[in-house]
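J.:
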Amino acid sequence: MTVISMDKNPEALSLTLVAEFDAGVERVWQLWEDPRQLERWWGPPTWPATFHKHDFVPGGRANYYMTGPEGEKAHGWWEFTVIEAPRELQFDDGFADSDGNPTGDLGVTHATVTIEPVGERTRMTIHSAFESEEQLEQMVAMGMEEGMKLAAGQIDDILAGRANI
Amino acid sequence: MVVDQLRESELDRLFQAFADPTRRDIVRRATVGEYTVSGLAALYAMSFAAVQKHVAVLERASLVTKEKRGREQIVRGNHEGLQKARRLLDEYEQIWRQRAARMEDILAEG
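Respectively, the protein sequence lines represent chains C and X.
Numbering-wise (our numbering), the first sequence opens with residue 2 and increments by one.
Numbering-wise (our numbering), the second sequence opens with residue 1155 and increments by one.
#1: Are Ile168 of chain C and Val29 of chain C touching if we call contact CB-CB under 7 Å?
#2: By alpha-carbon positions, which one of X:Gln1237, X:Arg1223 and X:Ala1215 ends up nearest to Asn10 of chain C?
#3: What span of residues does the beta strand (DSSP E) with Ala20 of chain C cover, start to end?
#4: In the DSSP assignment, the beta strand (DSSP E) including Thr3 of chain C goes from what residue to what residue?
#5: Alpha carbon to alpha carbon, how far is Tyr1198 of chain X from Leu1212 of chain X?
#6: For Ala1210 of chain X, tell me which candidate among X:Val1229, X:Arg1223 and X:Gly1193 has the shortest Cα-Cα distance.
#7: Does the beta-carbon of Arg88 of chain C have 16 or more other beta-carbons within 10 angstroms, so that it is buried, or is it exposed?
#8: Evaluate Phe1202 of chain X with the Cβ neighbour count: other Cβ atoms within 10 Å of its Cβ, from every protein chain shown; 16 or more gives buried, anything less gives exposed.
#9: With Pro45 of chain C and Thr68 of chain C assumed to form a contact (beta carbons below 8 Å), what rounded beta-carbon distance in angstroms separates them?
#10: For Thr113 of chain C, list the residues DSSP reports as bridge partners.
#11: So for Tyr65 of chain C, helix, strand or coil by DSSP?
#12: So, with DSSP's three-state summary, where would you put Glu1263 of chain X?
#13: Would you mind sorting Arg1177 of chain X into buried or exposed? The rule is 16 or more other CB atoms within 10 Å of its CB.
#14: Check for me: the beta strand (DSSP E) holding Gly1193 of chain X runs from which residue to which?
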């Protein structure tokens, strides 16, 4: 299993995820550092992310948008507060208007990512803390498309007699 | 993202309720124990009236219930309201599980 633990704290609206990968620390770091790799995993296939700015230095900013199934665009920004390659990065993540300016009305997510070697593998820990429930709700709305698609795929498999039940 | 009016105002109240550290602390305490408003007021460096206001905000957001007992008001956590926050986190967890799976796919390419 890639994801080895998930700790949720509903009162503080935060989540900590620990995942391990069969790759080196430097390789996992590239998934965050290289915007072309980052946009391959940040958004689900139905809401792909495009990072048109990715100033990966302390105090630098990233601007991105996610494109929905109807062609609608949801804009976001990051501000990198800590970058200590290849072990730790911290950034604030919020919603933006179509010019990439922070809207500020839904609050900011504070994310801390640590990457460390564990034997031959690499452990990545992500702590996400939300400021508002509404913000969390909107993020979930943008990410749930894929979950629904996966569920639909499973139903297709069952109907086609391909499922391992 | 279509959010109907009823749901939107419900979310506004939840957002407002969770936005303050004292209110988050009251929710945490009232979920595990039973507190009177005056008992809560003794815990924070603020007036009884200020704590009473915080409790009222939480009550409107359905995160706590308030019940009169003699001259005291008993505050208890509302599990349904908290379950809503928990459900949202469950959904967010799925987003990150899927991201980790996509990361793994990219790493598998070498």
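Glycine included, each C-beta is placed from N, C-alpha and C at the ideal position.
T.: In short, the structure shows the following:
#1: Look at the range of chain C in this structure, 2 to 166, and you will see that residue 168 of chain C is not part of it.
#2: The candidate whose alpha carbon is nearest that of Asn10 of chain C is X:Gln1237.
#3: Segment Ser15 to Phe22, the beta strand (DSSP E) holding Ala20 of chain C.
#4: Here Thr3 of chain C belongs to no beta strand (DSSP E), and DSSP marks it neither H nor E.
#5: Between the C-alpha atoms of Tyr1198 of chain X and Leu1212 of chain X there is a straight-line separation of about 16 Å.
#6: When each option's Cα is compared against that of Ala1210 of chain X, the closest is X:Val1229.
#7: So Arg88 of chain C ends up on the exposed side.
#8: Residue environment: Phe1202 of chain X is assigned as exposed (fewer than 16 neighbouring CB atoms within 10 Å of its CB, all protein chains considered).
#9: With a beta-carbon spacing of about 11 Å, Pro45 of chain C and Thr68 of chain C fall beyond the 8 Å limit used to define contacts.
#10: For Thr113 of chain C, which the question treats as bridged, DSSP gives the partners C:Gln91 and C:His128.
#11: Note: Tyr65 of chain C maps to strand in three-state DSSP.
#12: Coil, per DSSP.
#13: Arg1177 of chain X should be labelled buried.
#14: Per DSSP, Gly1193 of chain X lies in no beta strand (DSSP E) segment; the continuous alpha helix (DSSP H) that holds it begins and ends at Val1191 to Ala1195.
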